[in-house]
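Down below is the structure, laid out as structure tokens.
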Amino acid sequence: MSPFEDRFDHSAYVSMTMEFRCNLRCVHCMIEGTMDHLQPQSRDQFNELMSFNREQKQWRGLILTGSEITLLRDLPELITAAKQSGFEHVRIQSHGMHLGKMDYCEKLISAGVDEFFISVAAADAESHDAITQVPGSFEKTLRGLENIEQWQHTISITNTVVTKNSYKQLPDVVRSLSHLKQLAQMEFWFYWPMSEKDEKDLLVPHLDMLPYLQEAVALAKALGRRVEIKNFPHCLLGDMKGDLVNGQPQLFIDPVFWSEFEKNGFYQCKHRQTCQSAECLGLNSAYIDKFGWEEEILVPQYNG
Ligand code: SF4
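First residue of the sequence shown: 7, per our numbering; consecutive thereafter.
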């Protein structure tokens, strides 16, 4: 069991969305159409959550997120307030580019961050930068991940969104980060378009992606990493079934986000009435629109 196992209990963490600007332009961005009008949580809402947790001690960890949280000028002050409010762990979700500067890492870590959730779009500079549409972004993100290794109490978690542009690179993503000692978990999130259609043509059939996912997961585990897979049919995962974790910490976000999120139309499957999988999100509307129901390859589960 990982010494960091307690960092991955989603019920012990709470997320607050504090910033909706971003300085990357990822092709797969799921909120690019709504980023301009979604509102971050206010300082009053943040302070209320701090007071609540100081009194109730409901959560051990706070996740500060957004589009790109490091664009928030007073991020160190929020982190310090979270630590003073009794949060044992503070995590930031980021593209990691600003962590390429050591003095910025020092500032966040001195304030109290001990967990970094970093988006890695692909395995090399050319592919990653083509996805983020910002030249030099891969180098900065990688340097950021390497910089935070200097503080041994910190952990990192990576997230790779799996699309037509990245699925063949999954094993190489794991290899390209194999030197990171404090990378505790790698996550693979199968893209959802926040729409009934795959307008950007990024979805790939599950069976085409599966061999790359299997290889990536085996490599990550051989390196001692935990793995979380999001939004993949449970019944296709074989011995990776235990790695499907669709749950997330409670999220405080502009309610408008949820009406956008509903457009995905998750939980559709021809076997839904008989399948007992408690973890599966089934298929979404855009996937069905593009590839059909795939009922002949999906298999109902009978033991949750
Ligand atoms: S049969 Fe359908 S609901 Fe059941 S695990 Fe497979 S995809 Fe999910």
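Backbone N, C-alpha and C fix where the C-beta goes; we use that ideal spot for every residue, glycine too.
Remember, it's a predicted structure, so these values are computed and weren't measured experimentally.
Residue i vs residue j beta-carbon contact at 8 Å
i      : j      : result
His95  : Gly67  : yes
Gln282 : Tyr308 : yes
Val179 : Thr166 : yes
Ala117 : Leu176 : no
Ile161 : Leu114 : no
Ile163 : Glu202 : no
Buried versus exposed call for residue i [16 or more other C-beta atoms within 10 Å across all chains shown]
i      : result
Arg27  : exposed
Asp214 : exposed
Lys236 : buried
Pro211 : exposed
Alpha carbon of residue i to alpha carbon of residue j, nearest angstrom
i      : j      : result
Pro141 : Ala18  : 37 Å
Leu77  : Glu25  : 8 Å
Gln51  : Ile69  : 15 Å
Asn81  : Leu243 : A small correction: the amino acid at residue 81 is Leu; Asn does not occupy that position in the sequence shown. Their Cα atoms are separated by approximately 39 Å.
Pro239 : Asn252 : 11 Å
Phe58  : Glu74  : 25 Å
Asn171 : Ala131 : 13 Å
Ala224 : Arg232 : 11 Å
Leu216 : Val119 : 35 Å
Ala284 : Glu234 : 16 Å
Lys107 : Arg79  : 15 Å
Asn270 : Pro261 : 16 Å
Ser125 : Gln99  : 8 Å
Gln279 : Gly298 : 18 Å
Option nearest residue i by Cα separation, candidates the options
i      : options                      : result
Asn153 : Tyr308, Gln47, Gly102        : Gly102
Lys206 : Arg60, Tyr293, Glu61         : Tyr293
Trp264 : Gln45, Gln279, Lys247        : Gln45
Leu148 : Ala127, Trp157, Thr23        : Ala127
Asn53  : Arg31, Phe258, His277        : Phe258
Glu145 : Asp15, Phe123, Leu183, Ser48 : Leu183
His277 : His16, Gly288, Glu268        : Gly288
Helix, strand or coil at residue i according to DSSP, with G and I counted as helix
i      : result
Met215 : helix
Tyr173 : helix
Val96  : strand
Gly253 : coil
Gln191 : strand
Arg31  : coil
Gly288 : coil
Met200 : coil
Asn237 : coil
Phe123 : strand
Asn280 : Sequence inspection shows Thr at residue 280; the Asn mentioned does not correspond to that position. In this structure, Thr280 counts as coil in the three-state DSSP scheme.
Leu68  : strand
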